[in-house]
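Sequential numbering from 1486 applies to the sequence shown in the working numbering. Everything below concerns the one structure shown next.
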Amino acid sequence: MSILLVRGTGDIGSAVAHALCLAGHSVVLHDDPRPPHPRRGMAFTDALFEGSARLESLFAKRAASLADLQPMLACGRALPVADLAFDKTLRVVEPDVLVDARVRKHAAVDPIRGLAPLVVGLGPGFVAGLNADRVVETGWGENLGRLLHAGAARDYGGEPRDLGGHGRERFVYAPAQGLFRTAHAIGAAVAEGEVVARIGTLAIRAPFAGVLRGLTHDGAQVAAGTKIVEVDARADPRAVFGIGERPRRIAQGVLEAIADR
């Protein structure tokens, strides 16, 4: 049985970890402390805040120390989410496969090739054969989830898909750096202009009526420009909770990369 380390507890990294677990692999998730990922109903992010989280059929549990993590590798009762420095996690897990599922779009990717026998990079910035062994496309279109053995993933397209008649305007970005505070819950109905969170004295308002498809966890530190809220006018719980179409297709590409090694 392979041991896999997946970086990123957002909707994509969580979908990848979920698929790998169901395929019978031993998986560890890793992320920065208290990450600001907003689509928490589609992810294991909350494990880093609340100690545990559920995504569809699987539970995840935070491992806050090496003493927590080591027995969880053998137990298999819950997917461990390492709340440790990445280098320590890498040293303890010694993964057969490392998947960078953070999909940071415009940010430079870390030089991770060679950190495991197989390194899979997801999305823009990764080049198969250069800074990763395999690359999976993450952008919408006919190549979504496609496995690349050579060459680069295509650049970030920039414009999100239309959902319920709304594109980029369904997102709210942090107007400043600071501590994100909210009493709202993922999936809650909101009115246009309703205050759903605050960063310091700055009010964060819903751009239109709908449900909160994305909402950064209370207590997360956010940088200016971070995506913190997403409102879905369709008010469909199936679009808020569970693994989405795009993350699922990307996860299939990762499964293909592992089967192909």
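Note that beta-carbon positions come from the ideal geometry of N, C-alpha and C, so glycine has one too. Keep in mind it's a predicted model, so treat the numbers as computed, not measured.
*Which term fits V1640, buried or exposed, when burial requires 16 or more other beta carbons within 10 angstroms of its beta carbon?*
First, the amino acid is wrong: residue 1640 is Asp here, not Val. Burial call: exposed.
_Cβ neighbours of G1663 in the same chain (closer than 8 angstroms, five flanking residues each side left out)_ = Result list for G1663: I1684, G1685, L1687, Q1706, V1707, in chain order.
*Return helix, strand or coil for K1573, following the three-state DSSP convention.*
For K1573, the secondary structure class from DSSP, reduced to helix, strand or coil, is helix.
*Quick one: give me the first and last residue of the alpha helix (DSSP H) that S1499 is part of.*
Looking at the DSSP string, the run of the alpha helix (DSSP H) that includes S1499 is 1496 to 1507.
*Starting from the C-beta of P1596, find all residues in its chain whose C-beta is less than 7 angstroms away, skip the five residues before and the five after it, and write them out in chain order.*
N1616
*If you pair each beta-carbon of the region 1708 to 1715 with each one of the region 1601 to 1615, do three or more pairs fall below 8 angstroms?*
no
*asked:* Based on DSSP bridge pairs, tell me the residues matched to E1677.
replied: DSSP output for E1677 lists no bridge partner at all.
*asked:* Tell me the rounded alpha-carbon separation between L1564 and L1575.
replied: 16 angstroms
*Can you give me the start and stop residues for the beta strand (DSSP E) that G1485 sits inside?*
Outside the displayed range of the chain (1486 to 1746) lies residue 1485, so it cannot be described from this structure.
*Closest by CA to D1531, which one among A1670, L1490, L1505?*
A1670
*Report the residue from V1604, G1495, L1514, D1721 whose alpha carbon sits nearest the alpha carbon of G1672.*
D1721
_Environment of G1495 [buried if 16+ CB atoms lie within 10 Å]_ = buried
_Residues of its chain near F1571, where Cβ-Cβ distance is below 7 angstroms and the 5 sequence neighbours each way are ignored_ = H1515
*asked:* If you measure between the beta carbons of H1503 and E1541, is that distance less than 9 angstroms?
replied: For the pair H1503 and E1541, the CB atoms are nearer than the 9 angstroms cut-off.
*Taking just the CA atoms, how far does A1549 sit from H1591?*
30 angstroms
*Decide if D1647 is buried, meaning its Cβ has at least 16 other Cβ atoms within 10 Å, or exposed.*
exposed
*asked:* At 3 residues or longer, what runs of the beta strand (DSSP E) sit wholly inside the region 1555 to 1615?
replied: 1564 to 1567, 1582 to 1585, 1603 to 1607
*Which residues in the same chain have their Cβ closer than 7 angstroms to the Cβ of R1598, if we skip the five residues on either side of it in sequence?*
V1604, N1616, A1617, D1618
_For A1661, three-class secondary structure by DSSP_ = coil
*Out of Y1658, I1497, R1524, G1498, point me to the one whose CA is closest to A1724's CA.*
R1524
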